[in-house]
Every structure is written in C-alpha cells, then in structure tokens.
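Residue numbers (the working numbering), protein chains in the order written: chain A, 27 to 425; chain B, 738 to 1502. For each residue, glycine too, the CB sits at the ideal point set by N, CA and C.
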Amino acid sequence: MIGPREIRQSLVDAYEAQASLPSHVDAFAAWATRGELGSMDDALKKSLSADGLARRPEYCAALGYAIHSGTKEKGAIDLFKTDVEQLSGRRFFEPGRPPAFEIDGVALLGVALGLRTLRPDDNTPEWFSSITLEAEKRLESESWVLSLVRAANYVASLRPSLDLIDCELRTIVADRLGMAIDHETLESAWAATAKLARNDDGPSRIAARFAVTEIALARAANVPIAGMSIDDLAVLLRGLERSMRLWTWETTSRTGRSIPRQWHVDHEYHVQNLLWTILAPIVPKLEDEVYLPSVGQKTPRADIGVPSLRTIIETKFIGKKGPAQFKKVIEEIAEDASLYRTKMSDYDFLIAVIWDDFAQTEEYEEAVSGLKKIPGVFDAVILPRPAKMEREPESDSGK
Amino acid sequence: MALLLNFAPIKITGETRCFAGYRPYSEEALRELRSAYYETHVFRRDHENDEIIDIPIRAGEEPLSDKQQEIDLDIDRYLVPMLLREALIRTFWGKRLIRRDRSAAIAVLGDSKRSLIAHDELPDEIRRLTIQQFEVRTLYPPGADPIIGIVCDVRTNNVIDLTAAELMERGVGLIGKAVQTSEEANDPRLMPWRTLVGRVCGVDGGTLELEEAREGINGIDASKAYLEARHETFNWVVRTILGPAAEGVLEQADQKASELAKGPGRRAHVEEMVGYLKEKANLELVPGATVVVGDLLNSKNPTFPPQRSFDKPAFLFDPGGTRKQRWAEEGLRQNGPYDQRWFSPKALKIAVVCQARYEGRVDEFIAKFLEGIPDYKTGRRGNERAPYGDGFIRRFKLDRPAIRYFTADGDGIENYVQATRNALDAANDGGFEWDIAIVQVEERFKALSALENPYFVVSSLLLKRQVPVQNVQIETMAQEDKNIVYTLNNLSLATYAKLKGVPWLLASSQTVARELVIGLGSHTQRSSRYGAGERYVGITSIFSSDGTYLLSDKTDVVLFDEYADALYESMARSIDRVRKQDNWRSTDKVRLVFHVFKRLKDTEVDAVKRTVERLDLDDVSFAFIHVAQDHPWLLFDLDQKGVGYYGPKKGVLAPSRGQYVKLGDAQALTVLSGVSELKLERHGMPRPVLLLLHRDSTFKDIDYLAQQIFEFAGHSWRVMSPESVPITIKYSGKIAQRLASLSQLPDWDPDAISFGRVGRSLWFL
C-alpha cells in the first residue's frame, strides 16, 4: 500500500518534473505548501526584475502570493500597486481576443490575495470583481480552474463561503487564511489526494495535493502515538522549521512589565531539549541518552530513542561556516548509524536532526541527499537558524 | 554542420584608381547618357549630392563631365557593385541573351541548343531554358570590412517566341489566353521585354480582340502579340502542337527541370557558373582593375557569416503557461486546445452543403472528420501512431454536434445557392444559428472566376449571415486514409480556428508585453490582371508577441494615390484599439514590429512613423522588416544526405528548418520550411527567406526579429506544418485573396466582415 511518504515523494517528483514554470505558478506552489514546493524567492526575483516591455500580468499575481506570505522584499508592495493600477485600466474578455490573465485561476487568486492583504477593509475593486465573476460564469463546471477562480472570489469577499470549491483547494485556502479546517473537508481532501487520481490540471494541482498531504500529516501528528509511523515522525520533524516561526526572540517587551527574552540555541543539547519538548507528549516511551550494545571496546550512546518505532533521533549542531562542516557531520552520522544498528540493537532506523547556526541553505540539498544514502538513515532534517534570531556581533564566529 | 552559400566573394587587383565625372542630376540626362554611352561609360545617380557620376570603362576613354575627380575603388567601394554588374553584362553580351531581373540581377538565358524540352516537331522558338542569375551583393561581417561578391542562381524559363499569328497558323487557339507585346529595352544589349496587354476573347482576321485589357486597348495585331509563357499555357501550346507525343516530352522536360531544382543539380550548376566567372569571364571593373572571383563561401571559411539554428517554437496550451509542447499536433492530443475550459458552444450546429449525388461519400467523410481514423497508423513497428486517430470532437474536447445535410440537385451555382438558402431557412425557422457550414466543392471550381464559382457564391451568402465556411473538395474526400489523415489534421485545426477557438498560443521565451507584430498587406480590386484604374484595399493584421491574432482591419476601397494614407489610418486605428484594450499609458515603452512582403520605401516608413506619433505614445520603437521570398540566396547543407525511408531521398543538400545566417546587421537568411517539410522529392530545395531590416528602424536586433519571424511561421492555425512566411503576412494575404474574390460578387457586403462577428474569427483560413 502506498503510504504518505510515497505520496509526498511522488508529488515532489511530479512537481519537479515540470520545466520552467511561470513565476505565478511557482509562487502559488510556494504559498500553498508554505515553501516546501516552488520557490517564492525565485518568483519574487523574476517578478521584481521584469520591467518595461517584459512586464506581464502574471508578475502581479506572483507578487500577490508573496505579499500574502509576508514578504519583506523592498519594492514588492509598490510594484504590486503599480501593476494593479495598470490592470485596472485594461479591458478583459474582449471579443475576438483569447482570454489569458482573466481566465487564469492561479493568477486571479494571487492578485486577490495581494489585494486582501494590502486593503483588508476595502471593497474589492470593481475592475477585479467584474473579471473574476465573468470568469466564473464562462468556465465549465467542476473544473480545477473554476475552483481557483471561486477561491479568488472568496478571498476578494465576492463569495460568502468556500462552498463549491474543490475540497483540496478549500483546505489550503482555509489553512493559509488561518481559518479552522473542519474534519470532513480535510478527510475528503486527503482522500482525494491519497488516491493520486490522474488529472490534467497541471502543477498547481500537484502543489495543492502536496499541501493537503502536509496539512493532513500535521493533523495526524496530533493523534496518539499508537497511530504514528516512522513516516509520520519524519514529517513531524520536517515541520520543525515551521515551528520556529514563533520561537521566543524578543527585541522589545511584549508586555508592560516583562523584559525582552531570547531563547538561544547554542549547542546540540539545546537541540535535543527542543526535540524532547516536542516529542515527549506524543511519544510516551521516549528515551534520552540511550546506551546501545557495545561494539568491541566502544559503547555507543544515542541522543533520543523511539523504541516503538525502532528509531534513533541523532542531533548535530553546525556552529561554523563552510561545506567542510557538513562533510564532518555526514561522517559522524555514518559512524553513528553503523554503531547503532548492530545485530543486538533494538533500533533499525536513524533520523538525523541538524541545527545549522549559519543557515547555509545552499548546502542542504546535497547534504540531505548524501545522508539519506547512508544505510539505516531514514531521513535527515536540517534546521537553519531562523533569520529573526539575530546574532550579536561577538558571536559571529559561531559557537 | 557544413553550410555553403551561393555567394562567391571577389577581390580587385591592379590599378584601382581612375577618374570620374560629375554633373547635376536630371532623370532625362541620366537616361540619355546611358543610352548613348553604354559601351564606354557607367553612370550612377549620387542621391546625396544630387549628381550623376560617370566612370569610363573602356581603355582610353575619359569622363564625360567637366567636373572630374580621382576615385579609388579600394576606398570608394560603393561604386564597385554597379561596375561589377556592367562587367557581367559585357562578359555575356553577344554570347547569350541577357535581361535584368528584379532591380539588379543580371539574368543570362541558357544556350538555345540546350533547351530542356526537345522534339523534332517542336519549333525552336518554343523552349524551356535555364536562366542563370548573377546578382552583386555585399556581406557585412561583424567587426570587419564588407565583402562584395556575386550570388549565383539558376532557374528555368519557358520561352514562346512565336507570335500569336504564327501560333494560330499551327492550330493553337488563343481564346481565353493572356497575350503580351514585345518592346525594346532601353539598353540595346538587353533582351526586349514583354508587357501584358489583355486576354483574347475573339479573333477578327489578323487582329486579336481583347477583354480585361489595358485601358484604351481593345485589340492587337496578332503578328505583334505573344502568348504569356505561364506554365499551364506553355504546356497547352506543346500539347496542341505535338498531340499525344506531348505528355512524354513534357514529363521529360519536367524531370530535367526537377534535377536542376534539387540540391545536387543546383549546386553543380552554381559551381559551374562560378567556375566560368573565375576562369573564363575576365571581369574588369575599369581598365586595369581586374576582378578575382573566389570560391563559393563555405562555413569552414572564417569569413562565413555568423550562423545558428533556432529551436522549434514552443506552443502553449493553457492560460497559466504550464502546458507547453514543441510539436503542435502532439500538444493538442496531449492537452486539448488552449481554450478548452471555456470554449462555447461545445455541441456545435453544423450545416453540410453538398451535391445530392455525393451525399453518401460526404457523409462518410464527415464521420472520419469528427470521429477520426484510429485504424490507420504510421511509424515503425512498436512505435506506431494514428495521425488522425482522435478526430475533431475528441481532439478539441467537444461534445457530439448536431449535423444536417442540405443537398444541391446539381453542380451549378443555382443548385448550391438553393441548398444554402435551405440551410439558412432551417436555422431561421428553428430559432438558432449555424456555428459553421461545411461545403463540398469540386477541384475544377478553382479554375472558375469568382462569379462562376459556387464556393464563393455560397461563401458570400453564409458570411453575410455570419456563418463561417469550410470548403472541402470531393476529390479530397475520396482520398485513401493514408493521405486523408494529413488533410484532416489541417482541416480540423482551421475549422476550430474559424469557430473562434484558440488551439494554442506561442510560448516564446522572448515574449514581451506591449509589443505588437503587424502584418501589412493589400489587394487590388479589379476585374482583370491587366487593366489600369484599379482600386486598392489595404489589410492590417495585428498580433501580440505571443502570436495571438488580435484583429485585422482593412481600408475602404481606394485609388492608388489614396491607398497609403488609408492604410496608415487603418493601421493607426488598429493600434489604438489594442492600446486601449491593454491600457498603455503614453509613457509606456512600446515596440511595433512590421512584417511586410515588399520593400518599404523611406517615405512609407516615414508615413508609418508619423501616423503612430499621432497616437500620443512617447516611447515607441519600430522595426520594419521586409520578408522577401523572391531573392537569389541559396543555402546548402553539405551534410544533408536527404530524408525519407522509401524511394529516393528528399532534400539532399537542403537546409533544415530554423537555420539562420546573419548576412549583416540589417539582413539575414532564415529557413522557415526546411528539408523535413518537403512533401515530395521532386520539390527540390527549400529556399530561405531573406529578411531585410529597414535602416530607419529604431529597434535593430535582427537576431531577435528573425527568431520571431521563424516562430510566427510555425504558428499557423491553417495548417499543422510551418508556413513558408510568417502568419502576419500569410493571414493578411489570405484575407486579401478572399476579399478580392468576394468583392467581385454583386451581392457581396463588405460590412459583413468589417462589422459582423464573423469578422472577429479567422474566417479567411
């Protein structure tokens, strides 16, 4: 039977097989999957650099997704407003002219999100409502594009609810707008995704299914450990980067009397503590500092053990810059994996969780792919130090 | 890949300095000087100083003008092409018949004794000869001096040198044939030239009575008239004279001509021409300045112009830009059309108009058209595919249509009109409109004038009622499956486009917003090929840079003097409409690219610019490109061994589609239809188009413009294969062709297209 891990991977493969996607589609994928698929940075870069003759409506849509995702990129908001002004004077659905932007659901949803973020209290501009409502009328029923257009209309307050929108898209929109996702919607969305039914809706649908998988698995991680598989554990750990969004790192007081607090992560024991905090409530038999059967004179000691899943979680801390640090970590994990998985051991799998204090994201793909090739390594998660954890000048040299 | 251009560079050796004379310019003076001194001097108009330059070309001669100045042909290289052309004429004068083709080509007729057509009973005056063309051209390599050379090409030419009277004596009937008069050329070294005067409608003694004739001419003396030697007329004369023996003779002649048109034959002949120039011609520009002719330019030579191969254009099958394919047909099969999510109506109402006697065959054909022919497959075993396995309905994601047949009792116009009226009445009575009408015609209708052709009469009726028309010949319907599948592919595409469907758009990597690509064309509205006083209609077709056909506009029917202004007004109107649709501000950067089938004059370019200036756009750049099909350049791919599995290989030495050679910053060759697009082996060698960028263009990136033209040639909704010219020009030409025929019908209403909704479709495909 195909498990969530395989579904997730097949969606990643399908998305990555798409050649050079337009920037707004890439931005949609990054928006829907919270950056797991697509690249908001690339989409933004393209959208900000296209000027003059090369400026097309899709760039405005990409900016809309970026703005809703909270981009701090300078100029994105101004350029979005300029684009919107240009679009507002255009005529759409002109007879004899093939519709493009006006019938492109991904583009319309992006612009709707941008408008909503920048002008949450304003009425939707008439030019926009006229084209999205017209698009809704023209599109054939029950199509994915129609759902996207309806979602745009919902975001633009032109539809009262998410009804009649495809359940997968409904789940994503609710998730990204911070709304509650009811169990029934999520269940049908996950059922639709898990079927991996063939469709010809293209990369936006693939990204949407990926997002649904992530949301469903995140939800599944809340259920008792009896239902958790090693797949679920890996998904949970991969979601750590998202968890760090609200990590305590205050530069000013949050309340009248308090003083600003900053929770530093200085070495791998801090990382272990972080994992323990997350896992202990849902993994009752979690073990720390696990001593494993000796190998000759060597008695290996693992960081965290999950005996019910026969899995070791090994933490590492990269405190210096450069590819050599990753090489060193890979060597250490390779050694750990071979020591932990002896015939006498109760553990078969290892998941590596690595804190990178210099957020060298350009190294991750190669490092993760290398680690996963080591026998026994089930998965590897690298946590970049969040940008908001600004470093004090003297600590620049690392730990 | 090794390429060969039919261009032989030259060098000048010896004494390159001489004296030239200068006198004020007047047209009359120039003509008189040329006429009196063609043997001793060469004359040129110097536009810059408004003078006539005369250069002595015979030893011992002096310049004719008092004002004289020393020139050096190594420095004053602009004088070399003119002197070289004159040297070529001197070389062949007295040995062969010479004429000037185009503006500057020297055409030398082959030896009369080596006619491609031969039979004892065929008079010597009826010949098919080779015609060798020599044209002086210049390459402008980047960062180096221009290279002057001679472009050599060979064609065949039919010659009928018997007068109309002599032909009649031999039993050749002339009724319905076009006739010409023969007039002496201004330069006595050149052959007399022929002018069309009209079509023979009767013979009165020795006088030919003419119709559709030049103004003021009703008849012509048969002993002074010559038949126009068009292919079909020439063959007909041969058939009349030789009787049953003609077929074999003509076939043999066609075979010889075909050998010359194919790569190896053409290359050998061109190399023979260059060999003659190198070894025997003794070309001299002025006394003492000798021309050394080099070998044809090969891409291994470092002076060969920059060349590359364009990728096939990618086509887009959804508005989001995520479905792309470089093979349009496969793209349609995999993705469906671009507008499948909103195309309406899905269930079409189709009227079929056909002759009653063919109803069964038409019915069978319509079934194949709609449902496809899944059983006919091509390709090697294990890799077979059905070229038209899906059919119109599935390919374009449509529902089952409602079809009704309206039969004509015969093949006459009145029969077709009655059947069509029945169809229109049925729609009227039923309270609906036909989405399209499919009309069965016959191949022979093509030879009929618009007034006599049922297709045009029926088209006129239907278009006036806003119903687009697709005609299909009964002979096509009767084809075997192996042939008809390709016809059906094209037919299904054009039909969908006529229904205002959007099969795909261009997914060009260089697509930019606010760039319009504009095709300018025209058609003459007249009842004959020969008459004066024609009226003109200008056509403007506008596309966005992603190949979207936005709109076309046409001028009113105007006289030639008013034509240019009317065309520019129509163009401005179209641009303004797009500008409003797209909300261009006056400060926005905008690019306008004009594709034109003829060379634009400076005054025309200036007029276009002034017209656009009135649109209040402050930052407009222009590119004016002449897409020339009639030019002397040939490109051989020396590594091309030919294509095809069975029989003789097609296109040996022919270049591939997308091959690009940059002759200079303002001229380039591009192969729009190459070796793989050749239909038959005898079709010879495809010729690239020559792109000429007008010097007043403000956007000058010829690489970009050439690639755009290449992509626009591959983006036809008329046929699946690439067109021989970009659709900007093709569509304008098609509109012109259709309107020219329809406008001959007394009941035609041009407003049906100008203002009706059918005018917004590609009704003309």
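Interface flag, residue i vs chain B, CB-CB below 7 Å
i, result
"Pro121 of chain A", "yes"
"Asp227 of chain A", "no"
"Ile198 of chain A", "no"
"Gly396 of chain A", "no"
"Ala126 of chain A", "yes"
"Asp130 of chain A", "yes"
"Ala43 of chain A", "no"
"Pro48 of chain A", "yes"
"Gly115 of chain A", "yes"
"Ser155 of chain A", "no"
"Gly78 of chain A", "yes"
Straight-line Cα distance separating residue j from residue i
i, j, result
"Phe744 of chain B", "Gly1379 of chain B", "23 Å"
"Val1007 of chain B", "Gly1284 of chain B", "38 Å"
"Gln44 of chain A", "Pro229 of chain A", "7 Å"
"Glu391 of chain A", "Asp329 of chain A", "24 Å"
"Val249 of chain A", "His209 of chain A", "Summary for Val249 of chain A: the model assigns pLDDT 44, below 50, so the residue's position carries little reliability; its value from the coordinates is reported in the next sentence. The straight-line gap from Cα to Cα measures roughly 13 Å."
"Asp148 of chain A", "Pro1240 of chain B", "39 Å"
"Leu1337 of chain B", "Val1330 of chain B", "13 Å"
"Trp1370 of chain B", "Tyr815 of chain B", "21 Å"
"Ile1211 of chain B", "Tyr1233 of chain B", "21 Å"
"Gly61 of chain A", "Pro1042 of chain B", "48 Å"
"Ala252 of chain A", "Arg81 of chain A", "Because Ala252 of chain A sits at a pLDDT of 49, beneath the cut-off of 50, its placement in the model cannot be relied upon, and the following sentence gives the value as read from the coordinates. Roughly 54 Å separates the two Cα atoms."
"Arg931 of chain B", "His778 of chain B", "27 Å"
"Ala178 of chain A", "Val1099 of chain B", "48 Å"
"Leu77 of chain A", "Thr1277 of chain B", "Correcting the residue type first, residue 77 of chain A is Asp in the shown sequence and not Leu. Using only the alpha carbons, I get a separation of about 29 Å."
"Ser763 of chain B", "Asn923 of chain B", "17 Å"
"Arg185 of chain A", "Ala200 of chain A", "14 Å"
"Phe780 of chain B", "His1431 of chain B", "26 Å"
"Leu1417 of chain B", "Asn1120 of chain B", "24 Å"
"Ala218 of chain A", "Asn1190 of chain B", "59 Å"
"Arg280 of chain A", "Leu272 of chain A", "13 Å"
"Gln1474 of chain B", "Gly1401 of chain B", "34 Å"
"Met738 of chain B", "Leu1429 of chain B", "25 Å"
Chain A within 7 Å of residue i, Cβ atoms only
i, result
"Lys1326 of chain B", "yes"
"Leu1236 of chain B", "no"
"Val1239 of chain B", "yes"
"Arg1070 of chain B", "no"
"Gln1318 of chain B", "yes"
"Glu1124 of chain B", "Looking at the sequence itself, residue 1124 of chain B is Pro, so the reference to Glu does not match. Taking Cβ atoms only, chain A never reaches closer than 7 Å to Pro1124 of chain B, which makes this a no."
Any non-hydrogen atom of the ligand ATP within 6 Å of residue i CB
i, result
"Pro1385 of chain B", "Ligands in the displayed structure: none, and consequently the ligand ATP is not present."
For residue i, three-class secondary structure by DSSP
i, result
"Asp1218 of chain B", "helix"
"Gln1210 of chain B", "strand"
"Ser1281 of chain B", "strand"
"Ser423 of chain A", "Any reading at Ser423 of chain A needs caution, since the residue's pLDDT is 40, under 50, leaving its predicted position unreliable; the model's value is listed next. Reduced to three states, the DSSP call for Ser423 of chain A is helix."
"Ile400 of chain A", "coil"
"Ala161 of chain A", "helix"
"Glu946 of chain B", "strand"
"Pro1512 of chain B", "Residue 1512 of chain B cannot be examined here, being either before or after the span of chain B that is shown, 738 to 1502."
"Asp329 of chain A", "strand"
"Phe1492 of chain B", "coil"
Whole-number beta carbon distance between residue j and residue i, since they are thought to touch under 8 Å
i, j, result
"Ala1391 of chain B", "Leu1409 of chain B", "With 8 Å as the limit, Ala1391 of chain B and Leu1409 of chain B do not qualify as a contact, their Cβ atoms being about 13 Å apart."
"Ser183 of chain A", "Thr143 of chain A", "Contact flag wrong, Cβ pair sits at about 13 Å."
"Ile974 of chain B", "Val896 of chain B", "Note on residue identity: the sequence assigns Val, not Ile, to residue 974 of chain B. That pair is no contact at about 11 Å."
Under 7 Å by beta carbon: chain E residues contacting residue i
i, result
"Leu165 of chain A", "Absent from the structure is chain E; the protein chains it does hold are A and B."
Counting pairs of beta carbons, one from the segment 368-382 of chain A and one from the segment 334-343 of chain A, are three or more of them closer than 8 Å? yes
Quick test of the definition: if touching needs 3 or more C-beta pairs under 8 Å, does the segment 46-54 of chain A touch the segment 1062-1069 of chain B? no
Using 8 Å as the cut-off, can you tell me whether the segment 859-868 of chain B makes contact with the segment 986-1000 of chain B, which would need three or more C-beta pairs spanning the two stretches below that distance? yes
So, do the segment 1154-1167 of chain B and the segment 1081-1094 of chain B have three or more beta carbon pairs nearer to each other than 8 Å? yes
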